[in-house]
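Read the structure below first, then the notes.
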């Protein structure tokens with residue numbers, strides 16, 4: 001028995017009247033056949049969510065990263081609730097901002113100080129401004145296919161972006177230190193910052209881990225040229241290493257951006273930095289109405305402490321390895337070859353024999369109809385709330401769906 | 412007996428080690444004499460908050476706008492809690508996004524569609540991009556002294572802002588349609604959008620309500636030149652008129668930005684627009700990790716419904732009038748002249764005899780020490796949770812503090 005999605009479709013019709021695209025942004029429906037995939041969620045608990053048609057899924061998107069301890073985690077939610085009862089957004093700062101900053105300084109190895117915001121993109125945008133403010137230079141180097149948000153300088157949204165918005169942005173391929181050195185040489189004395197994700201996680205493409213020489217060479221280039229090295233750890237942060245993904249890959253950036261997994265889904269982000277950037281950070285005026293909200297800070301403290309207590313990076317890495325090894329095995333057993341890339345906790349899977357993701361769409365669609373939620377062209381996320389039983393059930397479903405792909409496509 | 416602030420000061424010393432400025436952004440301490448003013452909040456309920464030293468205040472900052480129904484409002488908090496127990500940030504959209512969008516389309520007179528985000532600045536930045544995308548032009552006109560966030564184009568933060576970030580921004584004085592017409596003429600065919608607040612609310616200056624002819628003339632200029640008229644209603648939104656501050660002042664903008672009072676302090680913002688901008692909005696890719704969070708949407712629904720039910724704009728306007736009339740009277744009775752400007756619900760007060768705000772600082776500092784929280788150079792906010800008794804008590808305290816100002820300064 002497979003799932004149907006009548007109420008999702010009905011709700012989408014209503015949504016399309018009052019919301020451009022019906023569902024905008026990263027949650028916009030990605031499957032080509034309407035009615036073959038859930039569009040709207042009802043509720044979620046642990047590793048699973050239930051859609052508006054009552055179908056339950058083991059979820060490997062984890063809200064695109066924020067969910068790390070399981071949906072509706074009791075410790076994090078309780079910390080939020082207790083603080084919310086004391087007020088959410090207040091007229092003064094809250095002592096929790098100090099506790100949380102101290103906790104992050106103790107936790108993340110490149111953090112001598114912390115500034116809080118709401119979006120990951122707030123942190124990346126502040127980082128760009130601090131790099132420019134610190135160096136007095138304009139150019140910022142980003143990697144092709146990298147994602148740092150949808151603001152005008154970031155290159156993801158293309159509507160209403162002016163030539164000037166991107167004039168001081170220079171792109172290099174991720175993971176290529178020679179290309180970076182050439183670009184920095186070409187713009188000698190003008191590069192303020194280099195912003196990179198700890199490993200490369202584009203969409204529609206294999207993820208790429210750094211070669212052993214990559215990060216030391218990036219650090220060397222930045223040091224030689226007085227460039228601020230910015231690590232965008234929004235997506236991977238705390239899934240690889242509690243000390244930060246910089247530590248995991250052996251690099252100490254000057255600034256690093258955190259958000260997603262920081263408070264298990266409550267909206268908060270952080271820009272952390274090393275000592276020499278502190279004065280520049282003190283001079284900048286960054287503000288948002290909800291940036292000092294205390295309950296999100298309480299949730300972040302509870303989440304970070306819990307991730308440390310259970311060693312969440314180890315758990316998600318081990319579960320991710322079981323999942324990805326199992327998928328590769330089941331694919332092979334069905335006469336298919338899949339390419340799985342990236343860290344096991346944040347894996348990306350594609351079929352080796354195609355570039356158009358038709359097999360991926362079929363596979364993910366058939367898995368969804370059987371209670372396993374994957375994404376066809378975006379990396380997945382494993383949480384500490386997934387269980388061995390979840391992985392086993394997932395592999396049973398995957399086995400069936402690989403068979404369907406094999407039947408439809410032959411290879 | 413007046414208040415002391417030892418624990419605030421102690422906490423600030425800790426904060427300064429791990430957070431640049433200790434308290435960044437709009438909550439950064441504004442008084443010049445450390446130890447004369449609370450820095451950190453403990454908890455809040457209704458119209459009042461208690462600082463970390465245990466001092467209680469009647470609060471006229473309302474978290475700089477978000478608090479409209481009172482801190483820890485039970486209806487809004489309950490709506491948030493119920494939804495949070497079903498998961499906060501999810502892998503699919505939530506039906507509440509549709510309900511909330513429908514409610515806003517029914518409520519705000521210029522809203523044919525709605526997009527959600529977290530910060531007010533997300534909404535203003537999206538509006539700028541949509542205006543540019545819709546018109547194919549680059550220039551955006553803003554008003555001098557206006558506030559639209561701290562992102563690089565907005566002109567508030569000056570650290571790390573490049574010449575190009577602001578090259579397509581043209582400034583005009585707020586409320587001067589002739590200046591706007593001249594600027595639009597000078598950049599004929601190049602102006603994408605005009606972004607203005609519904610009335611002018613700079614810091615350190617009197618607020619300014621629009622002359623009767625202002626908004627119709629702005630609308631006429633925009634229509635003649637095919638310019639997108641953007642109303643930044645983040646600060647004033649829903650304190651003047653449930654249909655939007657555009658409706659209050661008799662103007663229908665093409666895009667309008669909402670946030671602060673939208674969910675009584677839970678982090679959410681919205682960009683609303685008229686029909687002809689819908690396709691452009693559909694083409695843009697705007698996303699944030701927490702932009703589809705369901706609990707904030709539940710809170711916004713509860714908050715908007717409650718504001719409508721009690722007619723919050725009428726309540727805050729009447730209470731604001733009592734407060735401001737009372738303050739003007741007490742000042743006069745003490746031989747002082749104050750200038751109170753802006754809507755009574757969002758008033759700004761200064762002393763007529765000074766430009767350096769020394770009297771304002773003394774007055775607000777002395778009020779704080781007696782349990783009334785005002786800001787010396789930023790507009791205040793009145794909430795629907797303030798009571799007649801709050802206002803009376805406030806005026807008693809103000810009377811004493813006007814006397815102190817009179818004694819110190821003579822006039």
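Protein chains in written order, with the numbering used here: chain A, 1 to 411; chain B, 412 to 822.
Positions of the beta carbon are idealized from the N, C-alpha and C atoms, including for glycine.
### Query
Quick one: which chain A residues come within Cβ less than 8 Å of residue 562 (chain B)?
The contacting residues are 125 and 151.
### Task
Note down, in chain order, all residues in the region 279–292 of chain A with a beta-carbon under 9 Å from any beta-carbon belonging to chain B.
So the list reads 279, 280, 281, 282, 283, 284, 285, 286, 287, 288, 289, 290, 291 and 292, given in the order they occur along the chain.
### Chain-ordered neighbours of residue 462 (chain B) on chain A, where CB pairs are closer than 9 Å
Going along chain A in sequence order, the residues near residue 462 (chain B) (Cβ under 9 Å) are 92.
### Task
Using a Cβ-Cβ cut-off of less than 7 Å, give me the residues of the region 413–447 of chain B that come near chain A, in sequence order.
Here the close residues are 422, 425, 426, 429, 430, 431, 432, 434, 435, 436, 437 and 438.
### Query
So what's residue 243 (chain A) in DSSP terms, helix, strand or just coil?
Residue state, collapsed to three classes: coil.
### Task
Could you tell me whether the region 96–110 of chain A touches the region 325–334 of chain A, using the rule of 3 or more Cβ pairs below 8 Å?
Look at the beta carbons and you see the region 96–110 of chain A not touching the region 325–334 of chain A: under three pairs across the two are nearer than 8 Å.
### Query
So residue 185 (chain A) is in the alpha helix (DSSP H); what residue range does that whole segment cover?
Taken as a continuous stretch (DSSP letters only), the alpha helix (DSSP H) holding residue 185 (chain A) covers 177–186.
### Query
Looking at the C-beta of residue 43 (chain A), does it have a partner C-beta in chain B at a distance below 8 Å?
Answer yes: the Cβ-Cβ gap between residue 43 (chain A) and chain B drops below 8 Å somewhere.
#### Entry: Neighbour list for residue 573 (chain B) in chain A, Cβ cutoff strictly below 7 Å
Under the 7 Å cutoff, chain A gives 132, 138 and 168.
### Task
Note down, in chain order, each residue of its chain lying with its Cβ closer than 6 Å to the Cβ of residue 673 (chain B), except the 5 sequence neighbours on either side.
In chain order, 679 and 711 place their CB closer than 6 Å to the CB of residue 673 (chain B), counting only its own chain and leaving out the 5 sequence neighbours on each side.
### Task
Run the CB neighbour count on residue 15 (chain A), radius 10 Å, all protein chains shown included, and call it buried at 16 or more, exposed below.
Under the 10 Å beta carbon count, residue 15 (chain A) is surrounded by 16 or more other beta carbons and is classified as buried.
### Query
Which residues of chain B have a Cβ atom closer than 7 Å to the Cβ of residue 38 (chain A), listed in chain order?
Chain B residues near residue 38 (chain A): 503.
### Query
Is the beta carbon of residue 536 (chain B) less than 8 Å from the beta carbon of residue 797 (chain B)?
Going by C-beta atoms, residue 536 (chain B) is not nearer than 8 Å to residue 797 (chain B).
### Message
Please state whether the Cβ-Cβ distance between residue 556 (chain B) and residue 671 (chain B) is less than 8 Å.
### Response
For residue 556 (chain B) and residue 671 (chain B), no; Cβs fall outside 8 Å.
### Message
For the alpha helix (DSSP H) containing residue 3 (chain A), name the first residue and the last one.
### Response
Taken as a continuous stretch (DSSP letters only), residue 3 (chain A) belongs to no alpha helix (DSSP H), as it is neither H nor E.
### Query
Under the three-state reduction of DSSP, which class applies to residue 619 (chain B): helix, strand or coil?
Residue state, collapsed to three classes: strand.
### Query
Taking 8 Å as the CB-CB cut-off, is residue 203 (chain A) touching chain B?
Judged by the 8 Å Cβ criterion, residue 203 (chain A) is not in contact with chain B.
#### Entry: Contacts around residue 138 (chain A), its chain only, beta-carbon distance under 7 Å, and the 5 residues preceding and following it disregarded
Cβ within range, chain order: 132, 168, 190 and 192.
#### Entry: Rounded Cβ spacing between residue 677 (chain B) and residue 491 (chain B) (contact assumed at less than 8 Å)
Contact between residue 677 (chain B) and residue 491 (chain B) holds: their C-beta atoms lie close to 6 Å from each other, under 8 Å.
### Query
Could you give the distance in angstroms between the alpha-carbon of residue 623 (chain B) and the alpha-carbon of residue 631 (chain B)?
Distance between the alpha carbons of residue 623 (chain B) and residue 631 (chain B): 14 Å.
### Task
Starting from the C-beta of residue 811 (chain B), find all residues in its chain whose C-beta is less than 8 Å away, skip the five residues before and the five after it, and write them out in chain order.
Cβ contact annotation for residue 811 (chain B) (same chain, cutoff 8 Å, sequence separation greater than five): 777 and 781, in chain order.
### Query
Which residues mark the beginning and the end of the alpha helix (DSSP H) in which residue 524 (chain B) is found?
For residue 524 (chain B), no alpha helix (DSSP H) run applies; the uninterrupted beta strand (DSSP E) run containing it begins and ends at 524–528, by DSSP.
#### Entry: Closest by C-alpha distance to residue 464 (chain B), when choosing among B:692, B:451 and B:638
Ranked by Cα distance from residue 464 (chain B), the options B:692, B:451 and B:638 are led by B:451.
### Query
What whole-angstrom Cβ distance do residue 76 (chain A) and residue 306 (chain A) have, given they're in contact under 8 Å?
Indeed, because the Cβ distance is near 7 Å, the residues count as touching under 8 Å.
### Of the listed residues B:748, B:723 and B:482, nearest to residue 817 (chain B) (C-alpha basis)
The option with the nearest alpha carbon to residue 817 (chain B) is B:748.
### Query
Which residues in the same chain as residue 584 (chain B) place their Cβ atom closer than 8 Å to its Cβ, once the five residues preceding and following it in sequence are excluded?
Contacts found: 554, 555 and 590.
### Task
Determine the extent of the beta strand (DSSP E) in which residue 415 (chain A) is found, giving its start and end residues.
Nothing about residue 415 (chain A) can be reported from this structure: the residues present for chain A run from 1 to 411 only.
#### Entry: Test: residue 524 (chain B) CB closer than 8 Å to a CB of chain A
So yes, residue 524 (chain B) belongs to the interface.
### Message
Short of 7 Å Cβ to Cβ, which residues in the region 663–678 of chain B face chain A?
### Response
Going along the region 663–678 of chain B in chain order, one finds 670, 671, 676, 677 and 678 with a Cβ nearer than 7 Å to chain A.
### Task
Answer with yes or no whether the minimum CB distance from residue 633 (chain B) to chain A is below 8 Å.
So, not an interface residue.
### Query
Smallest Cα separation from residue 376 (chain A): which of A:393, A:356 and A:2?
If we check each option's Cα against that of residue 376 (chain A), A:356 comes out closest.
### Task
Would you list, in chain order, the members of the region 765–792 of chain B that have their beta-carbon closer than 7 Å to a beta-carbon of chain A?
Against chain A - using a Cβ distance shorter than 7 Å - the residues of the region 765–792 of chain B are 784.
### Query
On the premise that residue 288 (chain A) lies in contact with residue 117 (chain A), defined as a C-beta separation below 8 Å, what is that separation, rounded to the nearest angstrom?
So it is a contact: roughly 6 Å between Cβ atoms.
#### Entry: Reference residue 566 (chain B); option with closest CA among A:206, A:129, A:282 and A:150
The shortest C-alpha separation from residue 566 (chain B) is found at A:129.
### Message
Taking the alpha carbon of residue 801 (chain B) as the reference point, which residue from B:469, B:683, B:619 and B:692 has its own alpha carbon closest?
### Response
Taking only the C-alpha atoms, the option nearest residue 801 (chain B) is B:469.
### Message
Taking the alpha carbon of residue 241 (chain A) as the reference point, which residue from A:270, A:2 and A:316 has its own alpha carbon closest?
### Response
Of the listed residues, the one whose Cα sits closest to residue 241 (chain A) is A:316.
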